[in-house]
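J.: The sequence shown lines up with residues 5 to 350 when you count with the working numbering. Cβ atoms here follow ideal geometry from the backbone N, Cα and C, with glycine treated the same way. Bear in mind the structure is a predicted one, so any value in this text is a computation, not a measurement. Questions regarding the structure given below will be posed in turn.
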Amino acid sequence: MGCGATHLSLALSLMALALAGISIYKNTHVATVMEDFDVKMESNSNILEQNSDMLSQEFCIFAAVGTVVAEAIRRERRMGASLIRLFFHDCFVDGCDGGILLDDIPGSFQGEKTSPPNDNSARGYEVIDQAKQRIKNMCPGAAVSCADILALAARDSVAMLGGLPYPVRLGRRDARTANFIGSLTQLPAPFDDLNTQLRKFRAKGMSAQEMVALAGAHTIGFARCVTMCNDNNINPAMKSTLKCNCPVNNNDTNLVPLDLVTPDFFDKAYFDDLNRNQGLLFSDQVLTGNSTTNDVVRRYSNNGFLFLRDFNAAMIKMGDLPPSPGARLEIRDVCSRVNGNSIADM
Ligand code: HEM
């Protein structure tokens with residue numbers, strides 16, 4: 005994408021976010037912003053509906069996704085974290101192809117949604133469905149893939165939780181299948197040592213520095229107790245502080261923040277945690293175990309702006325991971341199933 009196009013896309017994104025009434029808010033402003041938001045949302049939706057033909061298709065799409073993500077984060081702040089992770093889990097398995105969104109078809113198709121890294125863990129599917137519907141309502145005729153909606157929802161979440169906005173290029177297409185085994189082998193696991201993590205990120209063209217920047221997403225969001233009660237998944241130093249009743253029963257829904265200090269804000273606190281040996285996951289804390297990755301951890305801990313900038317650059321790069329060669333692609337009408345619903349094509 006050319007530099008001019010990048011700037012245009014960023015400008016459109018910013019305008020869309022502004023139109024949606026979204027401020028990049030910090031703790032004390034959250035309540036006020038969200039109160040104002042109800043009023044603005046209604047009038048802005050009307051403005052958008054009335055003037056949609058004046059707005060470019062892309063701008064309309066950005067605004068539609070932005071409003072849905074803002075509503076979702078207002079309902080539950082953690083949803084921003086979940087949407088960022090959903091995008092990561094989509095892109096790292098056979099590229100950003102919306103594969104993670106496909107429902108299983110009992111007896112004939114098991115996709116990524118129910119694979120162990122995602123099952124009862126990945127969240128935000130309903131927000132993506134709402135964004136798809138909002139685009140249909142607000143931007144008639146817009147052809148936007150579910151993979152693009154994931155990319156936009158992740159970007160908007162970063163900006164709305166306190167990170168910096170960045171441009172998102174549209175044009176991804178949705179796969180007509182998903183890769184159950186791929187999500188087991190291609191996604192990093194909380195028990196992965198540093199070399200395994202580096203290998204998995206290298207396989208996606210990501211350097212050690214880009215890996216550390218992306219892992220900084222753990223500055224927001226939560227892990228489930230069922231994950232943390234497995235000793236292999238946790239930083240041993242954090243075991244004694246864990247507020248989970250282990251072993252957990254099946255219904256346990258307790259959560260542990262990935263960043264102890266500011267789990268609701270997209271900031272550099274995760275790297276401060278790592279410096280104090282307070283990373284939650286085993287895979288988090290091993291980043292300080294090698295001089296190359298530890299240097300990056302220290303740099304981000306010393307300079308939060310550098311982290312936010314590098315994180316965005318790595319997200320843009322991750323968002324360009326292509327679907328598998330030869331994959332059959334389309335723009336899905338419903339994000340949870342392929343068009344025509346023909347499993348014979350899958
Ligand atoms: C580096 C290797 C990584 C490993 C091993 C890893 C592993 C995990 C695990 C185990 C959880 C908790 C899941 C649960 O208990 O249900 C989690 C949560 C999360 N991960 Fe990662 N992750 C990694 C990298 C990333 C990256 C690159 C991103 C995004 C760019 C990301 C974003 C998140 C977010 C935001 C959450 C919280 C989600 C929520 O609260 O719903 N992670 N991760």
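How about the segment 262-282 and the segment 187-203: do they share at least three Cβ pairs that are nearer than 8 angstroms?
T.: The answer is no - the segment 187-203 does not touch the segment 262-282, with fewer than three Cβ pairs under 8 angstroms.
J.: Give a yes or no on whether 9 angstroms exceeds the smallest Cβ distance from S86 to chain C.
T.: Among the chains of the structure shown, chain C does not appear; only one protein chain is present.
J.: To the nearest angstrom, how far is the alpha carbon of P110 from that of P326?
T.: Distance between the alpha carbons of P110 and P326: 28 angstroms.
J.: Is any heavy atom of ligand 1 found at a distance shorter than 8 angstroms from the C-beta of Q213?
T.: Incorrect: Q213 has no Cβ contact closer than 8 angstroms to ligand 1.
J.: Rounded to whole angstroms, what's the CA-CA distance from T36 to F270? Just pull it up for me.
T.: Only weak support is given to the placement of T36: the predicted model assigns it a pLDDT of 39, under 50, and the question is left unresolved by the model.
J.: I believe L168 touches R313 by the beta-carbon criterion, under 8 angstroms. Please report the beta-carbon distance rounded to the nearest angstrom.
T.: So it is a contact: roughly 7 angstroms between Cβ atoms.
J.: Starting from A227, follow the beta strand (DSSP E) in both directions and report where the run begins and ends.
T.: Start and end: 226-228.
J.: So, for L218: in the same chain, excluding its five sequence neighbours on each side, which residues have a beta-carbon less than 6 angstroms away from its beta-carbon?
T.: Cβ within range, chain order: A318.
J.: Identify whether R303 lies in helix, strand or coil by the three-state DSSP scheme.
T.: Three-state result, R303: helix.
J.: DSSP state of V216, grouped into three classes?
T.: It is helical.
J.: Just how far apart, CA to CA, sit M350 and F91?
T.: The predicted position of M350 is uncertain, since its pLDDT is 43 and thus under 50; a value taken from the coordinates is nonetheless stated next. Cα to Cα, the separation comes out at about 22 angstroms.
J.: What is the C-beta distance between F286 and L259, in whole angstroms, given that I count them as a contact (C-beta under 8 angstroms)?
T.: Their Cβ separation, rounded to whole angstroms, is 18 angstroms, which puts F286 and L259 out of contact at 8 angstroms.
J.: Reducing DSSP to helix, strand and coil, say where D133 ends up.
T.: If DSSP states are grouped into helix, strand and coil, D133 belongs with the helices.
J.: Please classify V338: does DSSP put it in a helix, a strand, or coil?
T.: In the structure shown, V338 sits in a strand (DSSP, three-state: E or B).
J.: So D263 and H222 are supposed to be a Cβ contact under 8 angstroms. How far apart are they, rounded?
T.: Right, their Cβ atoms sit about 6 angstroms apart.
J.: Using the DSSP secondary-structure output, state which residues sit across from F113 in a beta bridge.
T.: F113 pairs with I109.
J.: Use the C-beta contact count for F309: other C-beta atoms within 10 angstroms, 16 or more gives buried, fewer gives exposed.
T.: Its Cβ having fewer than 16 others within 10 Å, F309 is exposed.
J.: Just list the residues that DSSP pairs A155 with in beta bridges.
T.: Answer is none; A155 lacks a bridge partner.
J.: If we count the other Cβ atoms within 10 Å of its Cβ and call it buried at 16 or more, is T245 buried or exposed?
T.: T245 is exposed by the Cβ-count criterion.
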